[in-house]
Every structure is written in structure tokens, then in C-alpha cells.
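Working notes for the structure below.
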Amino acid sequence: MAGRLARLGLRRDVDFVLHLPLRYEDETRITVVSDALPGVAAQFEVVVVSCDIVFRPRRQLVVRARDDSGMLTLRFLNFYPSQQKALQPGARLRVFGELRDSFPGGEIIHPRFHVVANSDADSAALPTSLTPVYPTTAGLGQATLRRLIDRALARGDLTDTLPADALAKLGLPAFSDAVRLLHAPPPACVLEQLESRHHPAWRRVQFDELLAQQLSLRRAYTARRARGAPQLVANGTLTQQLLAALPFRLTGAQQRAWHEIACDLAQPHPMQRLLQGDVGSGKTIVAALAMLHAVEAGYQAALMAPTEILAEQHYRKLSVWLAPLGIEVAWLTGSLKRRDKAVVLEKVGAGDTVLMIGTHALIEEGVMFHRLGLAIVDEQHRFGVRQRLALKEKGRFAHQLTMSATPIPRTLAMSYYADLDVSVLDELPPGRTPVSTRLVSVTRRDEIIARVRDACRAGGQAYWVCPLITDSETLQLQTAEDTFAQLLADLPDLRIGLVHGRLKGEEKAAVMAAFAANQIHVLVATTVIEVGVDVPNASLMIIEHAERFGLSQLHQLRGRVGRGAAQSVCILLYAQPLGQTARARLKVIFQSTDGFEIAREDLRLRGPGEFIGARQSGLPLLRYADLEDAALVEQARQLADTLLTDAPAIAQAHLDRWLGGREEFLKA
Ligand code: ADP
Ligand code: MG
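Take 1 as the starting number for the sequence shown in our numbering and just add one per residue.
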């Protein structure tokens, strides 16, 4: 039993108190059979007329019962002898269930029922509150759960954690009133208001939950801020040189973000900033400027990327930008030869190398920085929790910048990233022609192959992305190899390359380099190219079985083209039949190229839990509140800040109630 309860997170009294119903059943009144509506759950009081076991189509118990208005059939597909015994003719029952509409006369399958005394119809009083139905787990019945929750409500501490003036201002009910009502709502409660969770009692619980989340994240933010970090005071020589040498000018958004970052770096406490920007918005140059800033101040900087391809690409790009300034960039991944690695580590340890780029090898291979001032993480959500923790530890006293190409809608960012400051690149560099998107049935594959041939003959390059096959890397690899072979056969005059996750780091790098140098016309790829790859001459992207990809994935993939001046095209090949969600996704990606808008739609289609997925690994899901409830999130945010400054004891009590011992997990 303890195990089952633990599975539901139920340990302390307060956990039971906060285990709130999914829905309610109204057993406070009795419906006469002739008034029953199909599909609406209701309670009836009937007397059994007959009770038979029938064997067609399979063994089942069929009970006929009636009240003064009509007949009702109760059908049990599984039943105990004790039930059969209780259901003998003449027994008076209270039955709760939904009428199936297909049967004349009314039938309920597996109704909940109990026998009431026969002599006096009023002997069993009706319940005075709605019956809660709780989320539960196998082997733990509703009745047991109800009993445990009632006990917790009676003996648990329901004192309010919120100050009375705050409650009055927010117009919310007291905590004890709210939870008591939710566990046992009086029949006068509008069921609809309860179930849609708009009732004031629900608002109170939702607010509390959001407040706990805000308190926890804000406190983590403040705690990190309280630590010291080197004040990176820069003179701007290197950054000015780099800006002057660039073939382009920063966009307004890049300038703004760069300014915010430079200000943070000059503070005596660690920067904790997220740089968000759509695919192609130009995050890399901002990262390069930040790294140079650290170097000017006499510190080292490191940039970590989730895949070798991406790290390699950052490495190449930064080398090109920084070599003219006389700055050497070091490169570290797991696949580096031992001897080479030792050399790199040595130089980094001695402080001779100031800039480092790599994969998670940067935090895992015993790297000892001489004076790390800034750690940048690209696409942090693609790292595992353990790597994120290791990074936090390594960068404890360094400034941290996280970059993400998955734009997060504002309210979500406000709640989920309450422990970070956020800079947004909401503007694309000028001169891009938007990618045009086509939806094409896979039955027209031949036409598409012809199109690839034409595009490449005209000097272009193309990506051919193979279908995502979840749970089977082997199958995924096989389809990639099949596609590769087919394109080789169909396009004999073109050079075709293949890149996938099973290739060794250096093999991958070689293929990517050949594609970047236009020695390969068509790159057949699995989703390893999803993030960050930048080959401006590639202007055609084919995505096979596009219906299998998620929205943000499609957006990321499409972002691989449209990086040069040429008109780029993204062709989404799909196979029929399309499910409803797949259809909705393809429609969104077809209609919009704006990452923020796509993110909003993605959020709408998937809900915040899934959307935010990766970050969820450490964070408890919000059970009752809705992250899109901007007004409530904002109020929680404000009160959290006030409490943390003016009333830390109250903040602590509230956190204890809501998060108990779970807060540790939040730190990743
Ligand atoms: P992402 O934000 O997706 O990482 P990148 O940093 O790879 O984007 O930039 C995409 C491309 O745009 C690169 O080729 C980069 O050199 C170029 N770029 C970045 N900033 C500008 C700008 N202000 N004007 C023109 N091109 C730019
Ligand atoms: Mg990038």
C-alpha cells in the first residue's frame, strides 16, 4: 500500500490534501429512469426484477430492475458470486452510471451500485456532497483513497501560507476552504465550474501551485546570483575588431542582446541568461562577441554544443572569425585522439588557450580550466540532466549563457524560465528570402527526384532528410542507406553524401565539410542535421514522411535552407492517411515561417507538459495550473518576489507544503 501511495507521491498528510479530484459524480440526487438521458451519468434507485447469467455472446450477468417510471438493464461482464447474490429479485439498489443510448428501455454496463434497505426508501440518506473521483493507480480503490484523504483533511495542517492582505487583494478563498470544497463540494456547486477548474477554489489551488513554482525558481536564481563571479571588464578592442571585419552589420536585436550580455558580464555575480532566437537569427556571432569580451578581460571562455557536427561547425565559424584577430580556438570532443586531447588539456590548463569549443567532452574529460570566465551552452535542452548538473558544477563561478533555437512563448518563458534572464533575437538578418514550403504526396517522389537533379545542375545543393523512426536506430539507418542507394542510382551525374548518427565523429565531420565545400550535391541525412548546420548554398530541402516529425523539428529542419540569397524551397513529402494531429502540424508549418508563431501553435497542439518536455525531466509537472494562464502566472511571479524579500519564512512554509522534499530536483 505504501508503495502504491508513493507512486502517486502521497506521503505526508499535506500530499493527500493536495491530491485533488479529477472529476465528480453527483450522488446527491436520484433521477427517475424515464428522465435519464443517454451518455449522462446519473443515479437511479430501482428494485431488481430478475437476475440471470447468460452465455451469449459470453458469460455475463444481466439484471433487470425498475422504478415507478420504467425498466433498466444492468449488465456485468465480470462479476463476483457475492454481487450476484446481492442482486436478487426484490433487492432495492442505488445505481450510478451512464445510460447507453443504443438500447431501448435503457442499459448500463458495469454500474456502480449498492443495496439499500428495502423496508423504508428513505432509510439510506443521500450524500450531501458530490462524490470526488481521484487519480489513482492499480490496486488502490477510490474508497480507500477517499478515506485516507478524509483523514488527512481532518488532522492535517490547513493553515494558510498566504498573508491575509495578499489573499484579499487577489480575491482568492482561504486554503482550508478551497481544499475542503474541492474534496467534498456541496451539491449547489456548479459541476461545470468545478470540472472546468474555473471555480474560485480551483483558482486558489492553481495560484498556490504557480506560486510554489515561482518561489522555487526565483530562489534558485537569487542563490546563484548571491555567488561571486569574476567581473569581466573589457576594453572592447577585440570585439570592435571583429565587428569591423564582419561582412554584415548586427541586427537591432543582436545589438540589444549583445549589450544585455556585456552588462551582465561586468557584474560581480554570475550571468544566468538565455539567448533565444529563431533558426538563423544569428546567435553565433553574439556568442563570439561574448567570448571575446571574456578574453579581453583576461579570462577563458568555452562553448559547448550537443552534437559533434554542431560543435565542429561552431569551431570552424569561430576560427574563421577569430584567427585574423590572432586568437586560437581549441577543439575538444570525445573522439579526439588521446595524444591530441592531452595537448589541448595541457594548454587549457595552463591558460595558453583562451577559447574552447566542444561537445560534452568539455565537462566530462577532466578539463581543468585555468581561469574560466564564461561558459556558453548551445541547445541546452538536448543535453541530459546529468550533463547539465556537471556543467552547473563546472561553471559554478563562471558566467553562463544558454542559447536556444526553440522559441518559447512569453508566458511560458516567464514561468518556466523564471530562474533565467532572457534575451530574444526577434528579428532575422536582412536579405533573406523566406523559404517556400510545399506539401507533396510521397506518390510523386519521382517528380521530386527530377527537381533535385535540376536544382543541383543549376549549381544548388539539397538536403534529403530521411524519415524519423522512433525507437529503432537500426531501421532509421536502413532507410537512410536505402534512400542513399536509390538516389545514387537515379542521379548518376550528381555526388551524393550520407550522414547519420552511427558515423564516427571524424567521418561525420568529413561529410559535412565536403557538403559545405560544395563537393557533395545532395546530402542524405537522418535528423542529425536538425540543429545548427549552416550551408548557405543549399536551397532545397526534402523531408520524407514529414508527418512523423514534430512541429519544432520540422521548423528546425526547414531552417537549414533559406540561408543564402537564392529562393529556397522545402518539400514536405507525406504519406496518406494523415492523422488529425499530423494534418494540423503540416498545416501550421505550411502556413507560417515564424518560429514564435509555430511555437505557440505547437504549445496549443501538445500542451505545455509535452512542449517543454526536455526541461520537464527535473521539474515536477504542474498538476492543476495552466501555464498559459498569463494573468495568474504574473500575479504569482509578483507575490513570489515580494515574499522572498519581505517574508522568507512564509515563502519557505509555502514551498514545504507544495514541494516537500522534491525541490532538489529543480536545480538541474
Ligand atoms: P542561429 O541563430 O540559427 O545559430 P547563425 O548564428 O548560424 O544562426 O546565423 C545564421 C547565418 O546568418 C550565418 O551564416 C551568419 O553568419 C549570418 N548572420 C548572422 N548575423 C547576421 C547579420 N546581422 N546580417 C547578415 N547575416 C548574419
Ligand atoms: Mg546556431
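Built from N, CA and C at the ideal position, the CB exists for glycine as well.
For residue j and residue i, the rounded distance between their alpha carbons
i: valine 511; j: arginine 548; result: 26 Å
i: serine 50; j: proline 89; result: 5 Å
i: serine 441; j: alanine 584; result: 16 Å
i: leucine 586; j: serine 552; result: 11 Å
i: glycine 459; j: alanine 538; result: 9 Å
i: leucine 644; j: tyrosine 299; result: 34 Å
i: valine 367; j: isoleucine 327; result: 20 Å
i: valine 343; j: alanine 350; result: 11 Å
i: glycine 505; j: methionine 414; result: 37 Å
i: alanine 2; j: threonine 136; result: 13 Å
i: leucine 355; j: serine 281; result: 23 Å
i: alanine 178; j: asparagine 78; result: 38 Å
i: threonine 128; j: threonine 28; result: 6 Å
i: alanine 6; j: alanine 517; result: 57 Å
i: aspartate 602; j: glutamate 393; result: 33 Å
i: proline 648; j: aspartate 419; result: 17 Å
i: threonine 483; j: arginine 604; result: 34 Å
i: isoleucine 650; j: proline 306; result: 40 Å
i: alanine 668; j: cysteine 263; result: Low confidence applies to alanine 668: its pLDDT is 37, below 50, so where it sits in the model is not reliable enough to give any reading.
i: arginine 338; j: alanine 294; result: 29 Å
i: valine 348; j: aspartate 340; result: 12 Å
i: glutamine 231; j: glutamate 260; result: 15 Å
i: valine 47; j: phenylalanine 96; result: 14 Å
i: leucine 130; j: proline 187; result: 6 Å
i: tyrosine 315; j: isoleucine 448; result: 34 Å
i: leucine 148; j: aspartate 160; result: 22 Å
i: leucine 345; j: threonine 251; result: 36 Å
i: valine 115; j: aspartate 150; result: 24 Å
i: arginine 59; j: aspartate 52; result: 10 Å
i: alanine 614; j: leucine 167; result: With a pLDDT of 40 at alanine 614, under the threshold of 50, the modelled position of this residue cannot be trusted, and the question is left open.
i: leucine 573; j: leucine 540; result: 13 Å
i: glutamate 45; j: lysine 169; result: 47 Å
i: valine 533; j: glycine 564; result: 13 Å
Selection from the options that minimises the alpha carbon distance to residue i
i: tyrosine 417; options: Leu655, Arg338, Val633 and Ala517; result: Val633
i: phenylalanine 515; options: Leu140, Leu605, Val499 and Leu573; result: Val499
i: valine 435; options: Val279, Pro135 and Leu391; result: Val279
i: isoleucine 285; options: Leu425, Gly460, Phe79 and Gly550; result: Leu425
i: tryptophan 202; options: Gly39, Glu601 and Arg23; result: Arg23
i: arginine 94; options: Leu77, Gln461 and Asp67; result: Asp67
i: arginine 112; options: Leu74, Leu148 and Gly139; result: Leu74
i: valine 33; options: Gly9, Gly70, Leu182 and Gln213; result: Gly70
i: histidine 360; options: Asn78, Val48, Ala375 and Gly351; result: Ala375
i: valine 133; options: Ala154, Phe484, Thr159 and His19; result: His19
i: isoleucine 543; options: Asp165, Phe590, Thr581 and Arg204; result: Phe590
i: alanine 636; options: Ala212, Val465, Val63 and Asp340; result: Ala212
i: arginine 204; options: Ser216, Leu162, Leu215 and Phe484; result: Leu162
i: arginine 600; options: Arg623, Leu362, Ala582 and Glu628; result: Glu628
i: arginine 64; options: Pro81, Leu322, Ala91 and Pro185; result: Ala91
i: isoleucine 108; options: Tyr463, Leu37, Gly9 and Ala152; result: Leu37
i: threonine 479; options: Thr526, Cys456, Ala245 and Ala489; result: Thr526
i: leucine 391; options: Glu364, Val588, Ala245 and Asp534; result: Glu364
i: valine 465; options: Gly501, Val588 and Asp160; result: Gly501
i: leucine 172; options: Pro187, His198 and Asp150; result: His198
i: leucine 494; options: Glu481, Leu325, Cys456 and Pro187; result: Cys456
i: threonine 353; options: Ala301, Ala188 and Gln638; result: Ala301
i: glutamate 379; options: Leu246, Leu275 and Asp454; result: Leu275
i: leucine 72; options: His110, Ala86 and Pro81; result: His110
i: leucine 303; options: Leu372, Gln556 and Ile571; result: Leu372
i: proline 57; options: Asp454, Gly9, Phe175 and Phe76; result: Phe76
i: glutamate 25; options: Leu475, Gln83, Gln43 and Asp490; result: Gln43
Original post:
For the segment 556-563 against the segment 573-581, are there 3 or more C-beta pairs whose distance is under 8 Å?
Top reply: no
Original post:
Looking at C-beta atoms only, is the number of pairs between the segment 239-247 and the segment 285-298 that lie closer than 8 Å three or more?
Top reply: yes
Original post:
Between the segment 262-277 and the segment 220-238, are three or more C-beta pairs nearer than 8 Å?
Top reply: yes
**OP:** Would you be able to state if there are at least three C-beta pairs under 8 Å between the segment 309-325 and the segment 396-405?
**Re:** no
Subject >> Minimum length 3: unbroken beta strand (DSSP E) runs contained in the segment 498-533 >> reply: 522-525
Original post:
Given 8 Å as the limit, is there contact between the segment 403-414 and the segment 247-262, that is, 3 or more CB pairs closer than that?
Top reply: no
Original post:
Which runs of the alpha helix (DSSP H) spanning at least 4 residues fall entirely within the segment 95-177, listed in chain order?
Top reply: 142-155 and 164-170
Original post:
Can at least three beta-carbon pairs, one atom from the segment 646-663 and one from the segment 443-459, be found at a separation below 8 Å?
Top reply: no
Original post:
Where in the segment 311-391 do unbroken runs of the alpha helix (DSSP H), each at least 4 residues long, occur, reported from the N-terminal end onward?
Top reply: 338-350 and 361-364
Original post:
Any contact of the segment 178-196 with the segment 651-658, i.e. 3+ C-beta pairs under 8 Å?
Top reply: no
Subject >> Ranges of the alpha helix (DSSP H) found wholly within the segment 182-247, counting only runs of at least 4 >> reply: 191-195, 200-226 and 237-245
Original post:
What alpha helix (DSSP H) runs, 4 residues minimum, are completely inside the segment 394-456?
Top reply: 410-416
Original post:
Whole beta strand (DSSP E) runs in the segment 535-567 with 3 or more residues, listed along the chain?
Top reply: 538-543
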